[in-house]
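Engineer: Attaching a single structure in structure tokens format; questions to follow.
2 protein chains.
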Amino acid sequence: MTHWSLIYETFDPKEESLREALCTLGNGCFATRGAAEESQADEIHYPGTYLAGGYNRLDSCIAGRTITNEDLVNFPNWLLLKFRPEDGDWFNLMAVDIITYRQELDLKKGLLKRLVRFRDHNQREFTVESRRFVHMANQNLAAIEYSITAENWSGRIIVRSALDGSVINAGVARYRELNSTHLETLSLCEGSGPDIVCLLTRTNQSHIHFAEAARTRIYKGEQQFEPERKTYKEEAIIGQELSFELEQGKTITVEKIVSIYSSRDRAISEPSLEARYTLQQCERFSDLLVSHESAWKYLWRKSDVVMKPSDSNQMIVRLHIFHLLQSVSPNTVGLDSGVPARGFHGEGYRGHIFWDELFIFPFYTYRLPHITRSLLLYRYRRLNMARHLASAEGYKGAMYPWQSGSNGREETQIVHLNPRSGTWGPDYSRYQRHVNIAIVYNAWQYYMLTGDQEFMALYGAEMILEIARFLANITHYNKTTQRYEIIGVMGPDEYHEKYPDEEAPGLRNNAYTNVMTVWVLERALELLGQLSLENQRELKEKLSLHAEELEHWRNITHKMTVPFHENGIISQFEGYENLQEFDWEYYRGKYGDIKRLDRILKAEGDNCDRYKVSKQADVLMLFYLLPPKELRSIFQQLGYEFDDDMVKRNTDYYLARTSHGSTLSRVVHASVLDRIDRTEAWEMFCAALKNDLLDVQGPTPEGIHLGAMAGTVDIVLRHYGGIDTSEEIIAFHPRLPETLHGLHFRLRFRNYWFELDINKQTFTLIVEADGMDSVVANVNGTLHKLIPGEPHEFPLKA
Amino acid sequence: MTHWSLIYETFDPKEESLREALCTLGNGCFATRGAAEESQADEIHYPGTYLAGGYNRLDSCIAGRTITNEDLVNFPNWLLLKFRPEDGDWFNLMAVDIITYRQELDLKKGLLKRLVRFRDHNQREFTVESRRFVHMANQNLAAIEYSITAENWSGRIIVRSALDGSVINAGVARYRELNSTHLETLSLCEGSGPDIVCLLTRTNQSHIHFAEAARTRIYKGEQQFEPERKTYKEEAIIGQELSFELEQGKTITVEKIVSIYSSRDRAISEPSLEARYTLQQCERFSDLLVSHESAWKYLWRKSDVVMKPSDSNQMIVRLHIFHLLQSVSPNTVGLDSGVPARGFHGEGYRGHIFWDELFIFPFYTYRLPHITRSLLLYRYRRLNMARHLASAEGYKGAMYPWQSGSNGREETQIVHLNPRSGTWGPDYSRYQRHVNIAIVYNAWQYYMLTGDQEFMALYGAEMILEIARFLANITHYNKTTQRYEIIGVMGPDEYHEKYPDEEAPGLRNNAYTNVMTVWVLERALELLGQLSLENQRELKEKLSLHAEELEHWRNITHKMTVPFHENGIISQFEGYENLQEFDWEYYRGKYGDIKRLDRILKAEGDNCDRYKVSKQADVLMLFYLLPPKELRSIFQQLGYEFDDDMVKRNTDYYLARTSHGSTLSRVVHASVLDRIDRTEAWEMFCAALKNDLLDVQGPTPEGIHLGAMAGTVDIVLRHYGGIDTSEEIIAFHPRLPETLHGLHFRLRFRNYWFELDINKQTFTLIVEADGMDSVVANVNGTLHKLIPGEPHEFPLKA
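Note that the protein sequences, when read in sequence, are chains E and Y.
Numbered according to our numbering, the first sequence terminates at residue 821, and the numbering increases by one at each position without gaps.
Numbered according to our numbering, the second sequence terminates at residue 821, and the numbering increases by one at each position without gaps.
Right under this line is the structure:
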């Protein structure tokens, strides 16, 4: 088994950043910082890699439902488990001599393991092995196990095992002045058995209840034994103190099984009751681990991307897949949970939902489309709120908000703190209407990949039509140019909020928004034609959608404005050309890291609005999302030229003016560059891979960037695997980058699974389609009939 | 418009049963009792028909989620709206002279209307018109409107409009000694506007929160005006008292719009917040009514069954469809709600879920299969509990309980009160294992009608395989007979709980359970073969399902025991033949109504166990569920004869021994008889139609019988429309009963809608299948290619 684990083997208690994280073994974060370094061992070792989010908040991963209106609320801590010799201190990594330290995140099994051998100040040597997981097959279960060996002594050991309701949100430094307490404890009580304690808490705004029950048992080998046991309570904490004799050279195992229910769970009566009942049925740690591992096995079978060489890139791609699957999994289905930009790994952005799903959903749509369906329903259920948001601004249709939470209202801040200057300024980011485009894009991709007419008829079409209506409604006809235009929006590049000399927020004719609006309107019209007459009739009546409005949409798709520079560059927005060039060299010299140029310039009293600078891809998002042939067709329909040099010309221009202030930026550029300069693209891809692992952007402690993680996996499929699912017949055009020698993955299209095996010479394709005689696929531009189950080999050009 | 309304125009305040129900106009029940009587008017009038459940608990119909572990909890009452002249008493139907009384339940619009003209003891004449509905397109809204006219006087009027959290469960007399309070009030407060009040309550066991906000406004014509307004609170009640001048001959309209949220709702932050927010966005009563009516229109378009002549049967069929749709609708989808045997109309059975879904789900599966999918997921989410229930009894697989609620545990009583004798006796009804068969039957029918492989792969197959495993596991090989047998169960006929001379509960080889077990095992094996290799592999591994176990299932399907009498009658169970014949005439003479023979005999110290008596169809259920050809094939595979006379012989035998102690009984018999004696079958069908309307069984005040209602609609489709969806190609064999001259309905099979128009001479079939060249259907035994959109006429034999 290779490249399935992240292992960390050094430990320096003096390193400041580690202190808090590691002060209790297995409890809380296990963030470790340093530079990546590859070993020759069977498993890749990352001594000192920064791994925040690896598993540290896995407890909140079962809790997509914990997002309340204002905040991502932490689960009550179930990990609290500590020990001491009867006459000694509670074990604290910072206060002992570490002899051995090894920590392993096993991606394949979804298991975090730690081995510590240490000596206390009485020269007693301990070996402690811990394992823990949150159950992938039963989202209401989690388990942690400590095996403690007395190496050179015998004596009495005290173990404390507790549930801690005193959790606060303190993971993001700059939020700490805000209210950080979101949980209140309702009850601490003993459970249905002598080895069980229970905690009931609730969120203080949304009043969601969380009930936990914990069972702690002690084993010598396979033999359970009953220690002295007493229950203790502290404010918001309930636990048990267990004491027992430990003989030299012998190992005892402490098993803590925890069941967790929220009042939003299904198939429950009352959360505390369920937590207790579930625990009563529970087997041992090792039994639970078996079904947990199986669940991961099924997920990996569908999701793994095998790369050759099997190097650090391979491991990081798997780490990204692992994070995606522990954030959103089959457990998410039906939960009414969206995907926060940081997953559930950190408190950054407070669990809010942004446009990042544009990058995230495809990962699921290719493999586990029923998960995407459930995520799209999260948006559908908030359609009424999006309608209210539109009508409150005087618009028709549905305007989904830039940031949202529980009930789907707009949660974007109106003022923004610049941590560099410590001052607050206006925040216009809510003018990013393109979040609506992301929703349509994902719904449409789901439709293309599954052919799920039923979803469209019941939910998707209504949502797409209402968004189309909104986008058409903010589009106005300009009599002078005789074209349609959209004013007062912000594009994906968030550095430009308005024109430097104007008061009003927003820009005119953001190319991305305008072109994608045309794309959305085309999809809406196409979809309407594909619905059954019954559905069409019902939807048109329900939405009062008449022929004139559809005609208006059609007009827009022929006459939308796309602004251009004089030299044929697509203008990010009207007037971009007239902005000043930015002195990159000067600022790099002055500040070093200038990724967040916006904050630097504002702190200087200056403003990005004045310069040709981008935080991230904006125009280039078009090339990221749509195949060139599709874009060409839209531009031609609008009466604009789209020559062969279009992609390169624009990529060169904007890449030179981008600070990569968002982790998404390198993902998009790695994709777009792949059509132009594969060497540079590969470097960009590798840089994108390291975003969170090396904390390139800085904010990884606030949570990983799920969009950027998913984006890297998407590049492997779409560019290196060369898959294209934008038409009725799936197309493959595999093109491995020079550094990559082999690639193997599976994906699902309609009801078929395709298995791809690509090397430098050959592309082998197997389709699984039981009961079918053949399935048609386009390989390198030619249609082929594939016999299910049989490997089809296609030679690849060098 | 005909036969779309139930109208009641007489009113006798002396009738005891009416007093409580009608004491406040529009508030609470509007139960009315009497005999059905058909008029010649455009709308059928049922002066005095018993109509409990018509609309009286519509408020709880939005609350599938209100079922807690023990009870069906009533929603806080939002209807409380009353008035009085300043110097008079609160209007009370019992205390005034009624001049005109007209009450109309408009099935088409889902609207309850009432018109009362009365004279108070000061000779003041009032006309009051009320309308109310619970919104079908927005499950969080309800509205009630009073139009009050001062006919012969002028003066000041006081209106009270309130939310009442003091609701208790007192609808079932024999439950009243049990705890009837299930709601506690958390807060009574004023709302976001001066005309809004809010109530927050929670259920006292499951801790589900219900928040309501009510807005009351007053209009003269279209003109809103502000009355004197003050908020008042009483224990658990918050309301507003409005006072204003009313001029002689003038009408004022009081509009009360209510929003209702529970803590289990999706897309919410906190229920009170949402209730207020939703109300803020709300339009007037008449605007809300428009979208409400549209939602009903779309439902009726899919669900209506048009019969000729358009007589009382037509109206009752529509009443049944109306009750089905107001119990379970697209609003149910995703709610994690099952279907209680009484819908949400009454407190009988405390909202528990039984096997009745066997009769209920087909209604949705034929028309709105996504609703069935959601209802099946309710069972799927409780699969783990069903596994626990099985393993607790030492069985493998999943054993769904006979009665269940919120968390899916067994809720069947262990002792049962005999209201006739006032004594408690043991209750063995939990030994009815056939509830598991009902789940498989519905899942399979859903699969046949939709072809939804994805549902089966993700959920259905796992549930079906685990049930199959359980049924195979309770099946044992009898070395003497060399056949498999199932002992210790109860069949659908609940009169027989055990053998008269034995202690142990349950019977040996209930024919229905045994044959349907074979059917279930066959479906499980068939399904497994239809899953993709990927799914098969995963499921077999997950469930540890090996070849030997499947082979064991296959063996059972060839060697299951079916007991027979010596004369070729299928024995309801082994030994039935040896029971005593029952003296029906003597007991009918002695007691009159002997439907609940079990209670009569037990009160006499005797017992049904000793006699050849049935509460309802048991053996005959086989003929109800499976087409004769399918049954014949099973019997032949088992090595039993199944001659042409089989259906008639058994029907004659058992029908003569059935007391129809369940409302389901007449439905099943009407279906089975239709193959034997169409005249008798039609009479039975008409009797089944009147079950609830005339309260044939007695317990309709405790709630309507949704299974019996759905069953009557099913008979119209399956027998009179002659549809058969048990194979890959849909088959039609329409056969109108003599009394019926015409029949028109639509149904969905796979992705197509079929529209059937049947009269005595001709069967016209139209298929809606956009984008298809043709669709194949079997009409009267011959395959036909149908061109979508074109009417195809087939002559029918006289």
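Beta carbons are placed, not taken as given, at the ideal position from N, Cα and C, and that holds for glycine.
Taking 7 Å as the cut-off, is the C-beta of residue 130 of chain E nearer than that to any heavy atom in the ligand ADP?
Structural biologist: The model depicted lacks the ligand ADP and carries no ligand whatsoever.
Engineer: Is residue 890 of chain Y helix, strand or coil by DSSP?
Structural biologist: In the structure as shown, chain Y starts at 24 and stops at 821, and residue 890 of chain Y therefore has no counterpart that could be examined.
Engineer: Ends of the beta strand (DSSP E) at residue 569 of chain Y?
Structural biologist: Segment: none, residue 569 of chain Y is in no beta strand (DSSP E) and carries neither H nor E.
Engineer: Tell me, please, whether the CB atom of residue 266 of chain E is closer than 8 Å to any CB atom in chain Y?
Structural biologist: By this cut-off, residue 266 of chain E is not an interface position.
Engineer: Return the bridge partner residues of residue 502 of chain E from the DSSP annotation.
Structural biologist: Bridge partners of residue 502 of chain E: none, in fact.
Engineer: Using the C-alpha atoms, what's the distance from residue 569 of chain Y back to residue 578 of chain Y?
Structural biologist: Approximately 15 Å between the Cα atoms of the pair.
Engineer: Please decide whether residue 120 of chain E counts as near chain Y, where near means a Cβ-Cβ distance under 8 Å.
Structural biologist: Taking Cβ atoms only, chain Y never reaches closer than 8 Å to residue 120 of chain E, which makes this a no.
Engineer: Which of the three DSSP states, helix, strand or coil, is assigned to residue 690 of chain Y?
Structural biologist: The answer is helix: DSSP assigns residue 690 of chain Y an H, G or I state.
Engineer: Determine the extent of the alpha helix (DSSP H) in which residue 671 of chain E is found, giving its start and end residues.
Structural biologist: Residues 669–678.
Engineer: For residue 87 of chain Y, which residues in the same chain have their Cβ closer than 7 Å to its Cβ, ignoring the five residues on either side in sequence?
Structural biologist: Residue placement at residue 87 of chain Y is flagged as unreliable, the pLDDT there being 29, under the threshold of 50; the coordinate-derived value follows with that caveat. Cβ within range, chain order: 355, 358, 360 and 367.
Engineer: For a quick check, are the C-beta atoms of residue 344 of chain Y and residue 636 of chain Y less than 8 Å apart?
Structural biologist: Not in contact: residue 344 of chain Y and residue 636 of chain Y (Cβ atoms no closer than 8 Å).
Engineer: Report yes or no: is there a C-beta of chain Y within less than 8 Å of the C-beta of residue 304 of chain E?
Structural biologist: Yes, its Cβ sits closer than 8 Å to a Cβ of chain Y.
Engineer: Can residue 298 of chain Y and residue 236 of chain Y be called in contact, C-beta distance under 8 Å?
Structural biologist: Yes. Within cutoff.
Engineer: Residue 228 of chain E CB to nearest chain Y CB: under 8 Å?
Structural biologist: Chain Y contact via Cβ: present.
Engineer: Could you list which residues in chain Y have their beta carbon closer than 9 Å to that of residue 617 of chain E, in chain order?
Structural biologist: Per Cβ cutoff of 9 Å: no residues; residue 617 of chain E is ~39 Å from chain Y at best.
Engineer: Among residues of its own chain, excluding the 5 on either side of residue 639 of chain Y, which ones have a beta-carbon nearer than 8 Å to its beta-carbon?
Structural biologist: Cβ neighbours of residue 639 of chain Y beyond the five flanking positions: 515, 516, 517, 681, 683, 684, 685, 687, 688 and 691.
Engineer: Give a yes or no on whether the minimum CB-CB distance between residue 555 of chain E and chain Y is below 8 Å.
Structural biologist: By this cut-off, residue 555 of chain E is an interface position.
Engineer: Count the other C-beta atoms from every protein chain shown that fall within 10 angstroms of the C-beta of residue 280 of chain E, then say buried if there are 16 or more, exposed otherwise.
Structural biologist: By the 10 Å Cβ count, residue 280 of chain E comes out buried.
Engineer: Measure from the alpha carbon of residue 790 of chain Y to the alpha carbon of each residue in Y/132, Y/777, Y/127 and Y/547, then state which is nearest.
Structural biologist: With distances taken between Cα atoms, residue 790 of chain Y lies closest to Y/777.
Engineer: Consult DSSP for residue 115 of chain E and reduce its assignment to one of helix, strand or coil.
Structural biologist: Coil at residue 115 of chain E, not helix or strand.
Engineer: Put residue 657 of chain E into one of helix, strand or coil per three-state DSSP.
Structural biologist: DSSP places residue 657 of chain E in helix when its eight states are reduced to three.
Engineer: Could you tell me which whole alpha helix (DSSP H) segments of length 4 or greater appear in the stretch 391–417 of chain Y?
Structural biologist: Whole alpha helix (DSSP H) segments, 4+ residues: 392–403 and 406–415.
Engineer: What three-state label does DSSP hand residue 447 of chain Y in the structure shown?
Structural biologist: Three-state DSSP puts residue 447 of chain Y in a strand.
Engineer: In whole angstroms, what is the alpha-carbon distance linking residue 179 of chain E and residue 289 of chain E?
Structural biologist: Approximately 44 Å, taken between the alpha carbons.
Engineer: Output the distance between the C-alpha atoms of residue 228 of chain E and residue 292 of chain Y, rounded to the nearest integer angstrom.
Structural biologist: Those two C-alpha atoms are separated by around 8 Å.
Engineer: Compare the C-beta of residue 373 of chain E with all C-beta atoms of chain Y and state if any pair is closer than 8 Å.
Structural biologist: Output row for residue 373 of chain E: interface = no.
Engineer: Can you give the Cα-Cα distance for residue 820 of chain E and residue 162 of chain Y, rounded to whole angstroms?
Structural biologist: Their Cα atoms are separated by approximately 60 Å.
Engineer: The alpha helix (DSSP H) with residue 212 of chain E in it runs from where to where?
Structural biologist: Run containing residue 212 of chain E: none in the alpha helix (DSSP H); it sits in the beta strand (DSSP E), 206–213.
Engineer: Could you compute how far the alpha carbon of residue 388 of chain Y sits from the alpha carbon of residue 733 of chain Y?
Structural biologist: Whole-angstrom Cα-Cα distance: 12 Å.
Engineer: Under the three-state reduction of DSSP, which class applies to residue 330 of chain Y: helix, strand or coil?
Structural biologist: Reduced to three states, the DSSP call for residue 330 of chain Y is strand.
Engineer: Hey, quick one: how far does the alpha helix (DSSP H) through residue 633 of chain E stretch, first residue to last?
Structural biologist: That residue, residue 633 of chain E, is in no alpha helix (DSSP H); it is neither H nor E in DSSP.
Engineer: Following the continuous beta strand (DSSP E) through residue 294 of chain E, name the residue where it begins and the one where it ends.
Structural biologist: Careful: residue 294 of chain E lies outside any beta strand (DSSP E), inside the alpha helix (DSSP H) at 294–303.
Engineer: For residue 447 of chain E, count neighbouring Cβ atoms within 10 angstroms of its own Cβ and tell me buried if that reaches 16, exposed if not.
Structural biologist: Looking at its Cβ environment, which holds fewer than 16 other Cβ atoms inside 10 Å, residue 447 of chain E is exposed.
Engineer: Got a sec: is the Cβ-Cβ distance from residue 417 of chain Y to anything in chain E below 8 Å?
Structural biologist: It does not: the Cβ of residue 417 of chain Y has no partner Cβ on chain E nearer than 8 Å.
Engineer: Starting from the C-beta of residue 472 of chain Y, find all residues in its chain whose C-beta is less than 8 Å away, skip the five residues before and the five after it, and write them out in chain order.
Structural biologist: The residues are 388, 389, 392, 748, 771, 772 and 773.
Engineer: Please state if the CB of residue 541 of chain Y and the CB of residue 657 of chain Y are separated by a distance shorter than 8 Å.
Structural biologist: Yes, the Cβ-Cβ distance between residue 657 of chain Y and residue 541 of chain Y is below 8 Å.
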